[in-house]
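Protein sequence lines correspond, in order, to chains H and D.
All letters in the first sequence, in the order written, are residues 1 to 180 by the working numbering.
All letters in the second sequence, in the order written, are residues 1001 to 1330 by the working numbering.
Beta carbons: idealized from backbone N, C-alpha and C, even for Gly.
All remarks here apply to the structure that follows.
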Amino acid sequence: MTGSSRPASRVGRLIIGLAVIGALLGVFALTIGRETTAGASSHVGKTAPPFSLERLDGGRVSLDDLRGRPVVLNFWASWCLPCRDEAAMLTKLAADHADRGVAVIGVVYQDDAASAADFMRRYGQTYPGLLDPSGRTALDYGVFGIPETYFIDAGGVIRARQFGPLVTAELESTMAEILP
Amino acid sequence: MNPRAAFRRIDVALLAVVAVVIVAAVVTWARPEERTLDERARALDVELRCPVCQGTSIADSPAVFAVQMRAVVREQLAQGASDEEVRAFFVERYGVWILLTPPTQGYEVVVWLAPVVVVAAGTGLLVRRSRRRSESDHPAALPARLGRPATAALTGAIVLALGLPLGFALAPRGEGAQISGTSAGSMQQAPSIAQLEEAAARNPRDPVVLVALADAYLGSQRTVDATALYRRALEIEPANETAALRLSVILLSAGQPSEAQQFLDAVLQRSPDNPEALLYRALAGYAVGAPPESIRADALRFLAMAGDDPRRGMAERLLDLASPKPSAAP
């Protein structure tokens, strides 16, 4: 290498080095923040996992029995504070949409039957509460924490999923996605 | 011995060591069929994220849901699923997020490969540079030609080559060993209340522990026990907002709004913008027949801050009740 070409090649190397670092930073920026939690879209657009669970007040309910009806599936527990507000909200929703065949179903999450039954009485929850003692239904739906609600259309496809408490203002527009 | 030959022998010995370690690591990885079902289950538990805890594996979490997930892992393995099929089962339900170490794909491959490429390129440059320098001085043995920086880089590369496969091969097993004793047949309930009671017995003056136990009691409908503990937590730490708010809710639902009001006043004195305290004070105010303007003020401030809070309806109703009839309160 000649003395005159050395500075030029040094500058060239510097540029290449900076370009490599820049590219790596770019890749890092693209990668970071991408799907840090399972996306809200997971499950949406897919067939709702089947279940057949015992009702708190006796009998069983399976998703197959509800085929042909829009279903609002809510995971709740007596120890969940926002679930108290949701109980009233969903009871009203069930009554308001009864004529359109909507089935509102609650699945008890990590709770015992006695506390759940007491909760239903106390907060006037009239739609069915189903027991999921093994947690398998919650697992099949990929529940993160409660309250969590799935909106399933008459064809059994999940159209919307709400992480956390339901919001009154958004409920009707979400319902529109599953109503016939 | 001729120094050149001695260095060559060292090179050959180092290469042999590296080769042996790599082969050992590969062999360790590639014999899952020799592991028992419980060993495989424990290794998978360490890989799976607990969805209700975040940041910990289901192996490390005492949460009931984690226990249930561990049971599902064992159930799947017992039914003949491969490790990959078990991972796929959970990924289908939670996405790749459920894997604590997600598979590298897309851009991430570049991020993973970059350090290797940089080390290789750096070593190459150093080798080239020192070769150039030493060619004029001593056209001698390889390590001498490499010079000190290149030798250091080579040593680093060898350490990496030794350390990485060993680390990867050994790490998952060590962690997995912590959680033996959980099997599909014996589902354990997380001893939450018992555990918290034990913690409270050990730390009877720790308000955090007391509030956690009180919360657990409240969840099990043991309201009297919960109330006593919230009160004790507040005696120890009068500024404990969680205890004050929970106690207020209990008092409100027990028909003692004036006592609830006192706790809520105290909370709002310290945190004037606590939305929960504002809503509950409006509620307590309505129950005790407080002046409508104070109920309205609290409800309005709650509404201003509550965003999409599902309790907006409650605040709006209170606002409505306190608005038209100045003497509406019972």
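If you draw a straight line from the C-alpha of residue i to the C-alpha of residue j, how long is it?
i: Tyr141/H; j: Ala1214/D; result: 31 Å
i: Gly1313/D; j: Arg1074/D; result: 46 Å
i: Arg1301/D; j: Ser78/H; result: 29 Å
i: Arg1131/D; j: Gly1122/D; result: 14 Å
i: Gln1269/D; j: Pro1275/D; result: 13 Å
i: Leu1014/D; j: Val1020/D; result: 10 Å
i: Met1069/D; j: Phe144/H; result: 13 Å
i: Thr137/H; j: Val44/H; result: 16 Å
i: Leu56/H; j: Ile105/H; result: 12 Å
i: Trp1097/D; j: Asp1045/D; result: 14 Å
i: Ala1306/D; j: Thr149/H; result: 21 Å
i: Ala88/H; j: Gln1079/D; result: 42 Å
i: Leu73/H; j: Ala169/H; result: 19 Å
i: Ile1058/D; j: Gly135/H; result: 14 Å
i: Asn1203/D; j: Leu1279/D; result: 33 Å
i: Leu1113/D; j: Tyr1094/D; result: 27 Å
i: Val157/H; j: Arg1042/D; result: 35 Å
i: Ala94/H; j: Asp1225/D; result: 35 Å
i: Ala1322/D; j: Ala1304/D; result: 17 Å
i: Phe1065/D; j: Val1116/D; result: 39 Å
i: Leu1077/D; j: Thr47/H; result: 25 Å
i: Ala1239/D; j: Ala1266/D; result: 8 Å
i: Gly17/H; j: Ser9/H; result: 12 Å
i: Gly26/H; j: Phe1090/D; result: 31 Å
i: Thr1227/D; j: Ile1250/D; result: 7 Å
i: Ala1081/D; j: Glu1092/D; result: 15 Å
Residue i versus chain H: which residues are under 8 Å apart at the beta carbon?
i: Tyr1286/D; result: None at all; the shortest Cβ gap to chain H is about 17 Å.
i: Asp1308/D; result: Val167, Ala169 and Glu170
i: Val1052/D; result: Phe144 and Gly145
Among all the DSSP beta bridges, which residues are the ones paired with residue i?
i: Trp76/H; result: Val108/H
i: Leu1279/D; result: Leu1279/D is not bridged to any residue.
i: Val157/H; result: Thr47/H
i: Val61/H; result: Leu53/H
i: Arg1312/D; result: Paired residues: none, contrary to the question.
i: Phe163/H; result: Glu148/H
i: Val181/H; result: Beyond the ends of chain H as shown, which are 1 and 180, falls residue 181/H; an answer cannot be given.
i: Gly129/H; result: Gly106/H
i: Arg1049/D; result: Ser1057/D
i: Leu1099/D; result: Leu1048/D
Comparing the C-beta of residue i with each C-beta of chain B, is any distance below 8 Å?
i: Ser1220/D; result: Judged by its chain identifiers, the structure shown contains no chain B, and its protein chains are H and D.
Evaluate residue i with the Cβ neighbour count: other Cβ atoms within 10 Å of its Cβ, from every protein chain shown; 16 or more gives buried, anything less gives exposed.
i: Pro1257/D; result: buried
i: Glu1047/D; result: buried
i: Glu1084/D; result: exposed
i: Ser41/H; result: At Ser41/H, the pLDDT of 49 sits below 50, so the modelled position is not reliable and the matter cannot be decided from this model.
i: Arg1040/D; result: buried
i: Ser4/H; result: With a pLDDT of only 48 at Ser4/H, under the threshold of 50, the placement of this residue in the model should not be trusted; the figure read from the coordinates follows. Per the 10 Å Cβ criterion, exposed.
i: Val1052/D; result: buried
i: Ala1177/D; result: Confidence is the limiting factor: at Ala1177/D the pLDDT is only 30, short of 50, which leaves the residue's position unreliable and the question unanswerable from this model.
i: Asp99/H; result: exposed
i: Val11/H; result: exposed
i: Arg60/H; result: exposed
i: Leu14/H; result: exposed
i: Ala1290/D; result: buried
i: Ile21/H; result: exposed
i: Val1067/D; result: buried
i: Ala1088/D; result: exposed
i: Ala19/H; result: exposed
i: Arg161/H; result: buried
i: Leu171/H; result: buried
Listing by chain order, which chain H residues have their CB less than 7 Å from the CB of residue i?
i: Phe1263/D; result: Those within 7 Å of Phe1263/D in chain H number zero; the least Cβ separation is about 17 Å.
i: Ala1114/D; result: Leu24
i: Gly1313/D; result: Thr168
Any heavy atom of the ligand ATP inside 7 Å of the beta-carbon of residue i?
i: Thr1101/D; result: This structure lacks the ligand ATP; in fact it carries no ligand of any kind.
Find the residues of chain D that neighbour residue i, judging by a C-beta separation of less than 7 Å, and give them in chain order.
i: Asp140/H; result: Arg1093
i: Gln110/H; result: Val1064 and Phe1065
i: Ser9/H; result: Under the 7 Å cutoff, chain D gives no residues; its nearest Cβ is about 12 Å from Ser9/H.
Contact check, residue i vs residue j under 8 Å by CB: the rounded distance?
i: Val1209/D; j: Ala1243/D; result: With 8 Å as the limit, Val1209/D and Ala1243/D do not qualify as a contact, their Cβ atoms being about 12 Å apart.
i: Asp85/H; j: Pro165/H; result: 7 Å
i: Leu130/H; j: Val107/H; result: 5 Å
i: Pro147/H; j: Phe75/H; result: 7 Å
i: Ser1271/D; j: Glu1241/D; result: 7 Å
i: Tyr1217/D; j: Leu1229/D; result: 7 Å
i: Pro50/H; j: Asp65/H; result: With 8 Å as the limit, Pro50/H and Asp65/H do not qualify as a contact, their Cβ atoms being about 11 Å apart.
i: Leu1252/D; j: Ala1200/D; result: At roughly 25 Å, the Cβ-Cβ gap does not stay under 8 Å, so Leu1252/D and Ala1200/D are not in contact.
i: Leu1281/D; j: Gln1262/D; result: A quick correction: the sequence has Arg, not Leu, at residue 1281/D. About 10 Å; that fails the 8 Å criterion.
i: Val1072/D; j: Leu139/H; result: 6 Å
i: Leu1247/D; j: Arg1231/D; result: 7 Å
i: Leu1318/D; j: Ala1299/D; result: 5 Å
Given that residue i touches chain D, what residues does it touch there, using C-beta distances under 8 Å?
i: Ser52/H; result: Within chain D, no residue comes near Ser52/H; the closest Cβ sits about 17 Å away, beyond 8 Å.
So which residues of chain D does residue i contact, with C-beta pairs closer than 9 Å?
i: Gly135/H; result: Val1064, Phe1065, Val1067, Gln1068, Met1069, Ala1071 and Val1072
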